[in-house]
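Beneath this line is the structure, given in structure tokens, with notes to follow.
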Amino acid sequence: MANKVFHVMYDDDQKLMDAARALVSKGIRVKDVFSPFPVHGLDPVIGVKRTRLAIASFMYATTGTLLAIFGTWYFMIHDWPMNIGGKPSFSWIENAPAFVPVMFEFSVFCGAHGMALTYFLRNGTLPGMPASNPDPRTTDDKFVMEIVTEQNGGMSAAEIENLIKGTDVYELSIKEY
Amino acid sequence: MTHDKLQFEVPSGVKKWSSIFMGIGLIALIGGYMVDHTEHHQYWWANILINGFFYFAVALGAMFFYALQYATEAAWSAMIKRVFEAMFQYIPVGIGILLLVLLAGQFHIHHLYHWMDPNVHDINHADYDAVIAEKKPYLSAWFFWLRMAIYALTFVYFSRKFREWSIQEDAVGGTELHFFQYRKGAVFLVFFAVFSSTMSWDVLMSIDTHWYSTMYGWYIFSGMWVSTMTFATLSIVWLKKLGYFPNVNDSHIHDLGKWMFAISMLWSYLWFCQYMLIWYSDIPEEVTYFKERYDHYMGMMWTIFFVNFAVPFYSLIARDAKRNTKFLVRAGVIIFVSHFFDFYLAVIPGTTHGHETFTGWFEMGLFIGFLGLFVRMFTTALTKANLIPIKHPFLDESTHHSI
Chain Z
1245 MANKVFHVMY
1255 DDDQKLMDAA
1265 RALVSKGIRV
1275 KDVFSPFPVH
1285 GLDPVIGVKR
1295 TRLAIASFMY
1305 ATTGTLLAIF
1315 GTWYFMIHDW
1325 PMNIGGKPSF
1335 SWIENAPAFV
1345 PVMFEFSVFC
1355 GAHGMALTYF
1365 LRNGTLPGMP
1375 ASNPDPRTTD
1385 DKFVMEIVTE
1395 QNGGMSAAEI
1405 ENLIKGTDVY
1415 ELSIKEY
Chain B
52 MTHDKLQFEV
62 PSGVKKWSSI
72 FMGIGLIALI
82 GGYMVDHTEH
92 HQYWWANILI
102 NGFFYFAVAL
112 GAMFFYALQY
122 ATEAAWSAMI
132 KRVFEAMFQY
142 IPVGIGILLL
152 VLLAGQFHIH
162 HLYHWMDPNV
172 HDINHADYDA
182 VIAEKKPYLS
192 AWFFWLRMAI
202 YALTFVYFSR
212 KFREWSIQED
222 AVGGTELHFF
232 QYRKGAVFLV
242 FFAVFSSTMS
252 WDVLMSIDTH
262 WYSTMYGWYI
272 FSGMWVSTMT
282 FATLSIVWLK
292 KLGYFPNVND
302 SHIHDLGKWM
312 FAISMLWSYL
322 WFCQYMLIWY
332 SDIPEEVTYF
342 KERYDHYMGM
352 MWTIFFVNFA
362 VPFYSLIARD
372 AKRNTKFLVR
382 AGVIIFVSHF
392 FDFYLAVIPG
402 TTHGHETFTG
412 WFEMGLFIGF
422 LGLFVRMFTT
432 ALTKANLIPI
442 KHPFLDESTH
452 HSI
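Set out below in structure tokens:
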């Protein structure tokens, strides 16, 4: 039996939320939802795990701090010692307060850029990447819920279709792949 | 909508322990006076000033946060606003203690404030001090006491009125009184913006009379605010553990944790900015403040900075940590005590110049004594009104707070 994918379209975020709750309570696993804006409270309903982006960001920022410490030491103390404002002590730690702004800014820089790139990469939305959403109307005012038979082993395609039709559907398209 | 418990009853343990704490404070007060050998019992007075200001600041910060919630129309905090209200009921007592210490200075019982000595303004006197004499217009007795009177009246007036309107709202309901308080909150913030700055110059910065910093007001204000948020968080976690506030959920606790984290970072930022600019430019008239601390309190100064920065940063940065009350309580206790020592270091070097002896039991005894007084007044004030503002227009939104 070929796998089937259901693209269920709704025209209102509240209808989408109600439908998601109803389907999940019947044991259906929703693969993904495409929406023009973040729908508050949808993630826990369809079982999306909390993002680990914050942890990644913390690690990028820590890398930035360490790089800045190394950089200030190498440029200002080791390679070519600088005498600025009468502070030529040839010691990183004694000049540390002056380097704190650099450390701070570089941590923020690395944290923010690393986080943004990771986000784009993970979502597949880097510039030039092909769009993965099933219907261009989801970038306007429609919401599409994607359900695949593969993830709902306990149910036949007809059963799933029946359950979907019980919700306030705007449009339904079923494809085989 | 029903809430389980509206009437707070002070647990007998709290009554007992706050009395014991006040007793410890009294013993420390008497014992400290006897063992203090600094001139005019300077160190003893300085410690009363530190505690007087610190707990007054915690209460004042609560009133600031309360007014801020009204002015910004914040809804999430509607349910816990009585906690802040109970905290700022300490303001009349707090400012009374503060004025007592300042009055003793005015009558030359102690010399915490160098500029209160009239001889330093007299050009013919041996003690004449040109730098202080130049500041005479601002630091003259009449102007100083006029400012003090204005601060006291404003703060006491608002602490009484905010409470009165809030309790009135429980009976009346509706939105008229709410928007009235919204406007009054904004008015208070205008006064607070000026007075929190000038008061920190008057009471704390003028101790190091030869020195001034334009960041000092902000630095003291952030220290006050983070102590307030920490005390509020600890007491809300405690009240919830006792079975009050059944509708305070993870999101409220998370938000309180965010405040502790964010204002700790604000404090660290301001502390470091003030320090770094003075360190870098290295101008004699500016470095006096840090020279004093470097000479006698080097270890303490850096310990306070790193504890107040690193403990909240590394323990509260994660979302799960802010939602974990065990984490919050442990970090909170460290932050609260450490910020007390921040105020300690704002006062002591300029008053005793390293000639005092740090006994430990005296300083901590007084801190505990004031804590007992503060907690007693706080818990008593909590019993005097519904624990939850039952007719607050944002109460429903606050109950369903979810982030």
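Which chain is which? The protein sequence lines are Z and B, in order.
Take the first sequence: its letters are residues 1245 to 1421, numbered as in this note's numbering.
Take the second sequence: its letters are residues 52 to 454, numbered as in this note's numbering.
In this text, a Cβ means the ideal position worked out from N, Cα and C, and glycines have one as well.
Endpoints, the alpha helix (DSSP H) within which residue i is located
i                  : result
PHE378 of chain B  : 376 to 403
SER210 of chain B  : 192 to 223
LEU1267 of chain Z : 1257 to 1269
ASP1276 of chain Z : Segment 1276 to 1278 is the beta strand (DSSP E) holding ASP1276 of chain Z; no alpha helix (DSSP H) there.
LEU119 of chain B  : 93 to 122
PRO460 of chain B  : In the structure as shown, chain B starts at 52 and stops at 454, and residue 460 of chain B therefore has no counterpart that could be examined.
ASN359 of chain B  : 335 to 367
GLN232 of chain B  : 227 to 254
VAL1283 of chain Z : Here VAL1283 of chain Z belongs to no alpha helix (DSSP H), and DSSP marks it neither H nor E.
PRO143 of chain B  : 142 to 157
ARG1294 of chain Z : It is not in any alpha helix (DSSP H) - ARG1294 of chain Z carries neither H nor E in the DSSP assignment.
LEU320 of chain B  : The residue asked about is misnamed: residue 320 of chain B is Tyr in this sequence, not Leu. 301 to 332 is the span of the alpha helix (DSSP H), which, as asked, contains TYR320 of chain B.
ALA137 of chain B  : 132 to 138
GLU90 of chain B   : Here GLU90 of chain B belongs to no alpha helix (DSSP H), and DSSP marks it neither H nor E.
LYS1386 of chain Z : No alpha helix (DSSP H) contains LYS1386 of chain Z, which DSSP labels as neither H nor E.
LYS373 of chain B  : 370 to 373
ALA125 of chain B  : Element bounds for ALA125 of chain B: n/a, residue is neither H nor E.
ILE1272 of chain Z : Unbroken run through ILE1272 of chain Z: none, as it is neither H nor E.
GLU185 of chain B  : 181 to 185
Reduced DSSP secondary structure (H/G/I, E/B, other) of residue i
i                  : result
MET1399 of chain Z : coil
MET52 of chain B   : Model confidence at MET52 of chain B stands at a pLDDT of 46, short of 50, so the residue's coordinates are unreliable; what they give is reported in the following sentence. Three-state DSSP puts MET52 of chain B in coil, outside helix and strand.
GLU448 of chain B  : helix
LYS67 of chain B   : helix
ILE1391 of chain Z : strand
PRO440 of chain B  : coil
ASN175 of chain B  : coil
SER264 of chain B  : coil
ARG427 of chain B  : helix
TYR295 of chain B  : coil
GLY1410 of chain Z : coil
SER273 of chain B  : helix
GLU1405 of chain Z : helix
GLY411 of chain B  : coil
LEU57 of chain B   : coil
ASP168 of chain B  : coil
TYR1318 of chain Z : helix
LEU1310 of chain Z : helix
ASP1287 of chain Z : helix
ILE455 of chain B  : Only positions 52 to 454 of chain B appear in the structure, and residue 455 of chain B is not among them; the question remains open.
Partner residues on chain Z for residue i, Cβ-Cβ distance less than 9 Å
i                 : result
MET327 of chain B : PRO1341, ALA1342, VAL1344, PRO1345
Contact belief for residue i with residue j at Cβ below 8 Å, rounded distance in angstroms
i                  : j                  : result
TYR326 of chain B  : PHE312 of chain B  : With a Cβ gap of about 21 Å, TYR326 of chain B and PHE312 of chain B do not count as contacting.
ALA155 of chain B  : GLY236 of chain B  : Between GLY236 of chain B and ALA155 of chain B the Cβ distance is about 35 Å, and since that is not below 8 Å, they are no contact.
MET138 of chain B  : PHE429 of chain B  : 6 Å
VAL288 of chain B  : LEU367 of chain B  : Actually they do not touch by this definition, with Cβ atoms about 14 Å apart.
SER449 of chain B  : ALA129 of chain B  : 4 Å
MET280 of chain B  : LEU240 of chain B  : That pair is no contact at about 17 Å.
THR434 of chain B  : PHE59 of chain B   : 5 Å
PHE231 of chain B  : THR205 of chain B  : The Cβ separation is near 18 Å, so there is no contact.
LYS285 of chain B  : GLY76 of chain B   : Reading the sequence as shown, one finds Leu at residue 285 of chain B and not Lys. So it is not a contact: roughly 19 Å between Cβ atoms.
GLY1291 of chain Z : GLY1398 of chain Z : With a Cβ gap of about 16 Å, GLY1291 of chain Z and GLY1398 of chain Z do not count as contacting.
GLN1395 of chain Z : LYS1275 of chain Z : 6 Å
THR1307 of chain Z : CYS1354 of chain Z : 6 Å
LEU149 of chain B  : GLY112 of chain B  : In fact, because the Cβ distance is near 15 Å, the residues do not count as touching under 8 Å.
ALA1342 of chain Z : TYR331 of chain B  : 6 Å
Partner residues on chain B for residue i, Cβ-Cβ distance less than 9 Å
i                  : result
GLY1329 of chain Z : TYR331, SER332, ASP333
PHE1302 of chain Z : ILE368, ALA369
ALA1298 of chain Z : ILE368, ALA369, ARG370
Chain-ordered neighbours of residue i on chain Z, where CB pairs are closer than 8 Å
i                 : result
PHE392 of chain B : Those do not exist, as PHE392 of chain B stays about 21 Å from chain Z at its closest Cβ, beyond 8 Å.
Enclosing beta strand (DSSP E) for residue i [first to last residue]
i                  : result
VAL1251 of chain Z : Before going on, a small fix: residue 1251 of chain Z reads as His here, not Val. First-last of the beta strand (DSSP E) with HIS1251 of chain Z: 1248 to 1254.
MET1326 of chain Z : Per DSSP, MET1326 of chain Z belongs to no beta strand (DSSP E) and is neither H nor E.
ILE1418 of chain Z : 1415 to 1420
Contacts that residue i makes with chain Z (C-beta to C-beta distance below 7 Å)
i                 : result
PHE323 of chain B : VAL1344
Which residue spans inside the segment 1330 to 1376 of chain Z form an unbroken beta strand (DSSP E) run of at least 3? none
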